[in-house]
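Residue 181 in the numbering used here sits at position 184 of the sequence shown, and the numbers go up by one each step.
In this text, a Cβ means the ideal position worked out from N, Cα and C, and glycines have one as well.
Predicted, not measured: the structure shown is a model, and the values here were computed from it.
A quick write-up on the structure given underneath.
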Amino acid sequence: MQTLSATAAFGLESVVKAEVSALGFSAIKCIDSRVEFSPAPGQNIYETIARANLWLRSADRVLLKMGEFSAVTFDELFEGTRALPWDEWIPRDGKFTVTGKSVRSGLFSVPDVQSIVKKAVAERMKQKYKVEWFKETGAEFTIQVALLKDVATLTIDTTGAKNGLHKRGYREKHTAAPMKETMAAALIQLARYSGKKAFLDPCCGSGTLPIEAALIAKNIAPGLARKFASEKWQRISPTIWKTERAAAYSKIRTDAEPIIHAADIDPEAVALARANAELAGVDDCIVFETQSVTQTILPAETGVAIINPPYGERLGKIKEAEALYGALGRLLNPTDWHFYVITPDEFFETACGRRARAKRKLFNGMIKTDYYQFF
-2 MQTLSATAAF GLESVVKAEV SALGFSAIKC IDSRVEFSPA PGQNIYETIA RANLWLRSAD
58 RVLLKMGEFS AVTFDELFEG TRALPWDEWI PRDGKFTVTG KSVRSGLFSV PDVQSIVKKA
118 VAERMKQKYK VEWFKETGAE FTIQVALLKD VATLTIDTTG AKNGLHKRGY REKHTAAPMK
178 ETMAAALIQL ARYSGKKAFL DPCCGSGTLP IEAALIAKNI APGLARKFAS EKWQRISPTI
238 WKTERAAAYS KIRTDAEPII HAADIDPEAV ALARANAELA GVDDCIVFET QSVTQTILPA
298 ETGVAIINPP YGERLGKIKE AEALYGALGR LLNPTDWHFY VITPDEFFET ACGRRARAKR
358 KLFNGMIKTD YYQFF
């Protein structure tokens, strides 16, 4: 059975695995920052590609696994690659490029690895189509070769090389140092927010967290407003994408009325967040305000607050960060709310005057952070 792989940021594998499981896919397993899975019973690989791309909120992209084999030498890499059924997916006019990475492997030169894989795929295609030269004017196929401890894993990116799953389509503009939409969705799911309780983000920036919370509360598939590379593949019928999109639209909770409040001290950021919420189609269920953390009032008796404050390095001054964290500490006074704060600043707990019940190590982009949980 054909296998797909949903790549995940460090620390989020369990979140992506839970999403994959909720979609009903089978043979699920976590391997090295990715979650592998196969189609659900009665579902084919084409439907699975469409459904996974439309619905996965926290994964980075969906890869079609072509094969995996040991490759200690370039000859082994070439022969192993050539033996894979590339012609079953890439047509005569397909445009294929190769990206790569190598970790703790004898074949450590990534450019050489990419070149060998490109030649091997071309050789396989020549044998299939009986040609010596390819126009490459058709759909794009991005082949990824990953070498780990001398084992080569080859995949084709079904999402799109330039547009990972975080590209929802609603955030045309953003503030400095924005959080990826996929990371925001993961934080919300780690907080077990489903839309039944109130949601608060007092440092909303361009609105990513409250918008993702609204998408979850209304059960809107995150990929509905965008296109994917595999939509242009000849092997996947446009009817499949049309059917999967229609099914996703039918599952939107049109009667949901979540209580979502978002604020920021910067009026330009708030205006931008409102505009992004309109593009996402969830502006009707988010209340935006321009105010500082010290002015924040909890909008309900119980709820979930997720806070991505400007970090010390982003503020430029540690004292400003400490003052902000002190204000957050006052907001964290014992209530029936659950608070979650993501920051790389190790002095956060001291500055806010509260000890977290738990914390989880995550990477927000390239920044190593802790996700503090206050219950």
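Rounded C-alpha distance that separates residue i from residue j
| i | j | result |
| --- | --- | --- |
| M180 | I364 | 12 Å |
| Y337 | R189 | 11 Å |
| G326 | P199 | 13 Å |
| D280 | A272 | 8 Å |
| Q(-1) | A268 | 46 Å |
| T332 | T299 | 8 Å |
| W130 | S227 | 23 Å |
| Q370 | D342 | 15 Å |
| C282 | E178 | 18 Å |
| I113 | F105 | 13 Å |
| V142 | G97 | 5 Å |
| I185 | Y43 | 29 Å |
| K26 | I315 | 42 Å |
| F345 | V284 | 28 Å |
| K170 | F22 | 34 Å |
| R351 | L329 | 8 Å |
| G323 | R357 | 21 Å |
| R354 | K229 | 48 Å |
| E76 | V110 | 13 Å |
| T139 | A37 | 25 Å |
| F225 | A348 | 44 Å |
| E317 | T155 | 44 Å |
| R31 | F372 | 30 Å |
| S2 | A24 | 11 Å |
| A182 | L20 | 16 Å |
| P373 | R165 | There is simply no residue 373 to check, as the chain begins at -2 and stops at 372 in what is shown. |
| S99 | P108 | 10 Å |
| N361 | Q231 | 36 Å |
| W334 | A302 | 7 Å |
| F7 | I249 | 30 Å |
| L206 | L187 | 13 Å |
| S247 | F66 | 42 Å |
| E73 | L51 | 36 Å |
| F34 | V17 | 8 Å |
| T251 | P264 | 30 Å |
| V69 | E286 | 58 Å |
| A222 | T4 | 21 Å |
Nonlocal neighbours in the same chain, by C-beta distance under 7 Å from residue i, ignoring five residues either side
| i | result |
| --- | --- |
| K146 | R101 and S102 |
| A297 | A195 and I256 |
| G157 | F225 and A226 |
Chain-order list of residues whose beta-carbon lies under 6 Å from that of residue i (same chain, five-residue window excluded)
| i | result |
| --- | --- |
| Y126 | R89 |
| I262 | S289 |
| L321 | P306 |
| R79 | A117, E120 and R121 |
| H163 | K177, E178 and T179 |
| L276 | Y167 |
| K115 | V95 |
| L81 | M63 and G64 |
| W83 | V118 and R121 |
| L359 | G8, T366 and Y368 |
Beta-ladder partner(s) of residue i, from DSSP
| i | result |
| --- | --- |
| R351 | Answer is none; R351 lacks a bridge partner. |
| A302 | L197 and F336 |
| K159 | DSSP output for K159 lists no bridge partner at all. |
| N361 | I364 |
| T0 | K62 |
| D154 | L60 and T139 |
| I257 | F196 and I283 |
| A149 | F66 and L144 |
Three-state class that DSSP yields for residue i in the structure shown
| i | result |
| --- | --- |
| N41 | coil |
| E33 | strand |
| S112 | helix |
| F225 | coil |
| F371 | strand |
| V96 | Reading off the sequence shown, one finds Thr at residue 96, where the question assumed Val. The answer is strand: DSSP assigns T96 an E or B state. |
| S247 | helix |
| K177 | coil |
| K26 | strand |
| K356 | strand |
| G91 | coil |
| L128 | This sequence places Val at residue 128; Leu is not what is there. Residue state, collapsed to three classes: coil. |
| R121 | helix |
| K164 | coil |
| L424 | No answer is possible for residue 424: it lies beyond the span of the chain, which begins at -2 and ends at 372. |
Residues near residue i in its chain [Cβ-Cβ closer than 8 Å; skip 5 each side]
| i | result |
| --- | --- |
| S203 | R168, K170, H171, T172, P175, A266, L269, A270 and N273 |
| K92 | E133, T134, G135, A136, E137 and F138 |
| D29 | L145 |
| I46 | L1, V59, L61, T155, S227 and I233 |
Check whether the stretch 196 to 216 touches the stretch 255 to 275, counting contact only when three or more Cβ pairs, one atom from each stretch, lie closer than 8 Å. yes
Inter-stretch contact at 8 Å, needing at least 3 Cβ pairs: the stretch 287 to 294 / the stretch 240 to 251: Short answer: they don't touch.
Segment contact flag, the stretch 45 to 63 with the stretch 9 to 17, C-beta cutoff 8 Å, min 3 pairs: yes
Would you say the stretch 147 to 155 touches the stretch 213 to 220, given that touching needs at least three Cβ pairs under 8 Å? no
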